[in-house]
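The first sequence maps to residues 589 to 839 in the numbering used here.
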Amino acid sequence: MFASVQVGRQSLRRPWLPQWSRLVRGRKIQAVQRRGKWIVIQLDGPFLVIHLGMTGQLTVASAQQPTSDHTHLIFHLAASDQQLRFRDVRRFGSATCYADQQALDVFFESSGLGPEPFAMEGKYWRACLAKTQRCLKAILLDQRVVAGVGNIYADESLFEARLHPERLGSQLTAREAGSLHKAIVRVLNHAIEKRGSSIRDYIGGSGLKGEFQDEFRVYGRTDEPCLRCRKAIVRIVLAGRSTHFCPRCQK
DNA sequence: ACAGGATCCTGGGGGC
DNA sequence: TGCCCCCAGGATCCTG
């Protein structure tokens with residue numbers, strides 16, 4: 589149960605509002621869910637919704653454990669020396685609160701967040717690809733098309749599906765669309781098994797690093813040999829993001 | 001509608 | 001040691 593909320597001096601992109609501290613006080617955590625890149629902590633009534641941005645960390649720690657710099661929110665837990673901490677060096681992340689299920693639904697609907705890749709229908713996916721002239725990389729990063737795919741997993745999925753990131757969505761055959769969808773699901777499941785990717789900042793709830801960074805096949809492997817054909821991995825910029833691919837394997 | 005760029009932030013690493 | 005530049009798991013806004 590939340591006892592109180594301690595707010596840091598610096599503000600996040602969307603500041604934590606004082607009424608949210610009152611809203612969560614005395615509430616118990618019922619469940620922790622996820623929707624796209626949003627962590628949804630269901631309390632008995634309100635919902636605490638967290639986005640880690642680039643450098644966010646959500647951890648549970650003992651109150652005795654020193655708090656590092658850039659810790660913006662500390663949720664003190666009642667009758668316990670444990671606390672839920674939100675730390676974010678670059679402050680691109682956010683923590684917000686919604687009073688009830690309806691308010692939460694309104695938030696996700698208004699944001700236009702796309703379906704979970706695991707539950708996405710092939711027909712919907714093919715329609716999204718068909719109606720756009722954008723390149724595959726830009727489509728994968730668009731949270732309104734499919735939720736939860738970020739820069740690493742976009743590159744890894746395209747490699748898995750052997751598709752060039754600059755290919756246009758409208759050019760894909762139904763077969764290619766299907767293999768890209770399958771690749772996204774496979775890559776994300778693999779990354780989840782490995783508890784995500786820790787490049788420098790990321791740690792999971794228990795403070796442990798992820799291990800998927802050791803499994804990258806293209807991301808961050810510029811000039812290194814492709815693990816399938818030995819050709820050097822290339823880095824380009826697409827949709828404003830660094831993009832890695834094998835120029836021989838990915839067509 | 002979409003591409004491309006700037007912006008919000010802090011910090012690490014490389015070159016000089 | 002310092003300075004400057006580029007880079008980074010993301011999203012949003014603006015212009016053309």
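Don't be surprised by glycine CBs; every beta carbon is placed ideally from N, CA and C.
How many Å lie between CYS685 and LEU692 at the Cα?
Looking up residue 685 in the first sequence gives position 97. Looking up residue 692 in the first sequence gives position 104. Looking at the two C-alpha atoms, the distance is approximately 9 Å.
GLU709 classed as buried or exposed, judged by whether at least 16 other C-beta atoms fall within 10 angstroms:
If you number the first sequence from 1, residue 709 lands on position 121. Its Cβ having fewer than 16 others within 10 Å, GLU709 is exposed.
Going by beta-carbon coordinates alone, are GLY641 and PHE680 separated by less than 8 Å?
Position 53 of the first sequence, counted from the start, is the residue given in the question as residue 641. Position 92 of the first sequence, counted from the start, is the residue given in the question as residue 680. Yes, these two residues count as a Cβ contact at 8 Å.
SER745 lies in the alpha helix (DSSP H); which residues open and close that run?
By 1-based counting over the first sequence, the position of residue 745 is 157. 739 to 748 is the span of the alpha helix (DSSP H), which, as asked, contains SER745.
If the criterion is Cβ atoms closer than 8 Å, does the pair GLN653 and HIS664 meet it?
Along the first sequence, read from residue 1 onward, the residue named residue 653 stands at position 65. Along the first sequence, read from residue 1 onward, the residue named residue 664 stands at position 76. No Cβ-Cβ contact shorter than 8 Å links GLN653 with HIS664.
Leaving out five residues on either side along the sequence, give the residues of the same chain with a beta carbon under 6 Å from the beta carbon of ILE662.
Here the question's residue 662 lines up with position 74 in the first sequence. Cβ neighbours of ILE662 within its own chain (closer than 6 Å, five residues either side excluded): GLN594, GLN671 and ARG673.
Close Cβ partners of GLN796 (< 8 Å) along its chain, the five nearest in sequence each way excluded
Along the first sequence, one-based indexing puts residue 796 at 208. For the record, residue 796 in the displayed sequence is Leu; it is not Gln. Non-local C-beta neighbours of LEU796 in its own chain, meaning closer than 8 Å and more than five positions away in sequence, comprise ARG783, ordered along the chain.
Less than 7 Å between C-beta atoms, sequence neighbours within five positions excluded: which residues of the same chain meet that for ARG639?
Sequence index remark: in the first sequence, residue 639 carries index 51 (1-based). Correcting the residue identity first, residue 639 is His in this sequence and not Arg. LYS625, TRP626, GLY681 and SER682.
Find the nearest neighbour of GLY596 within the set LYS616, VAL825, LEU636 and VAL677, judged by alpha-carbon distance.
Residue 596 sits at position 8 when you count from the first residue of the first sequence. Per the Cα distances, VAL677.
Of the residues HIS769, ASP802 and GLN731, the one placed nearest ASP745, counting alpha carbons only
As a working note, residue 745 is residue 157 in the first sequence. This sequence places Ser at residue 745; Asp is not what is there. The candidate whose alpha carbon is nearest that of SER745 is HIS769.
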